[in-house]
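Colleague: Got a structure here, written out as structure tokens. Questions coming.
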Amino acid sequence: MFMQNRLLILSLLWLVLGGCTATQTKPETETPGSDTASRLVDLGDGVVARGEPETALAIFDRALANSPNHRGALLGKGQALTALGRHAEAETVLRQARDIYPHSGLVLSAYARLLIESGRAEVAVGELDGYFMAHPAADAGLWNLKGLALDALSRHGEAEQAYTQGLARSPQSVSLRNNLAYCLILQGDYARAADLLQRLVDGEGGQPRHRQNLALAYGLVGNQERAREVARLDLQGDAVERNLNYYQWLRDLPAPTRYQALLRRP
């Protein structure tokens, strides 16, 4: 099967703000029982990391019984519910957290990620825009989320602007640079995408998915030899040739069909 490249809208949603700070003006722990709740949240986070969301959900509920407005417990419960596929319940919990902590970028990021994952990217854009108006110095990761939401809506020109805003705040962000490059691919600007991805993979943060996006960009621009060189960094033998054939297949498609193929999930 041909390797298909796409924006990591779903697989990166819970990771997109890794390493970013969050704007928070209201203390997280301000009610009786919050110390106990914090310890339970730490435990629940570890259980989620082990892939046991059902067990973690019970732990987060215990934390909320001790401190009903505990930010970490609300976020953890929302994450656990999402992992269990209970999106409506997760949205209720994260909306509650958003109402309690309107200045928290961390809470907004979790809520917006869920909205995008649930196919409600338009709502996510509205939430993010409202936050940006009140917080002009918002984290780069939130701009990354706006770009992902706009890409999900096929509003790629606006998505490019969002990624650019994020990069103005965090120029070395690997996620922003990769997502901007793929946004350019979706707009048909393959040469710019290849240049951006080449600089990314030449740096310290380059990973296999970035190199394969680079190979795709070279393939779409018609440089099959360079695409082969890059693909060989992570693939072997027939897998390389299958990808090269896929790139050529894409090039031969009418532009609208090619666009749909690039959006298609693997």
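In the numbering used here, the protein residues as written are 3 to 268.
Backbone N, C-alpha and C define an ideal beta-carbon position, used for all residues, glycine too.
Please list the terminal residues of the continuous alpha helix (DSSP H) segment that includes residue 40.
Modeller: Here the alpha helix (DSSP H) through residue 40 covers 36-51.
Colleague: Looking only at its chain, what residues have a beta carbon closer than 8 Å to the beta carbon of residue 128, apart from the 5 residues adjacent to it on each side?
Modeller: Nothing listed; no residue qualifies.
Colleague: Hey, out of 111, 137 and 80, whose CA is closest to residue 146's CA?
Modeller: When only C-alpha atoms are compared, the closest one is 111.
Colleague: Given residue 200, which residues of its chain have a CB within under 7 Å of its CB, disregarding the five upstream and five downstream residues?
Modeller: Hits under 7 Å: 216.
Colleague: How many Å lie between residue 262 and residue 123 at the Cα?
Modeller: Those two C-alpha atoms are separated by around 18 Å.
Colleague: Can the beta-carbon of residue 61 be found closer than 7 Å to that of residue 80?
Modeller: No, the Cβ-Cβ distance between residue 61 and residue 80 is not below 7 Å.
Colleague: From which residue to which residue does the alpha helix (DSSP H) around residue 246 run?
Modeller: Start and end: 239-254.
Colleague: If we ignore side chains and look at the alpha-carbon of each, how far apart do residue 171 and residue 135 end up?
Modeller: Residue 171 and residue 135: Cα-Cα distance of roughly 16 Å.
Colleague: Considering only residues of the same chain and omitting the five flanking positions on each side of residue 178, which have a CB-CB separation below 8 Å?
Modeller: Excluding sequence neighbours, residue 178 sits near 142, 145, 146, 149, 165, 168, 169 and 172.
Colleague: Looking at C-beta atoms only, is the number of pairs between the stretch 219-226 and the stretch 187-207 that lie closer than 8 Å three or more?
Modeller: Yes, since at least three Cβ pairs between the stretch 219-226 and the stretch 187-207 fall closer than 8 Å, the two stretches touch.
Colleague: Given a threshold of 16 other Cβ atoms within 10 Å of its Cβ, counted over all protein chains shown, does residue 213 qualify as buried or as exposed?
Modeller: By the 10 Å Cβ count, residue 213 comes out buried.
Colleague: Residue range of the alpha helix (DSSP H) that residue 64 falls in?
Modeller: From DSSP, the alpha helix (DSSP H) with residue 64 extends over 55-68.
Colleague: Tell me the residue span of the alpha helix (DSSP H) that contains residue 349.
Modeller: Nothing can be reported for residue 349: it is not among the residues displayed for the chain, which extend from 3 to 268.
Colleague: May I have the straight-line CA-CA distance separating residue 64 from residue 39, to the nearest angstrom?
Modeller: The alpha-carbon atoms of residue 64 and residue 39 are separated by roughly 8 Å.
Colleague: Given residue 242, which residues of its chain have a CB within under 7 Å of its CB, disregarding the five upstream and five downstream residues?
Modeller: Closer than 7 Å at Cβ, skipping near neighbours: 230, 233 and 234.
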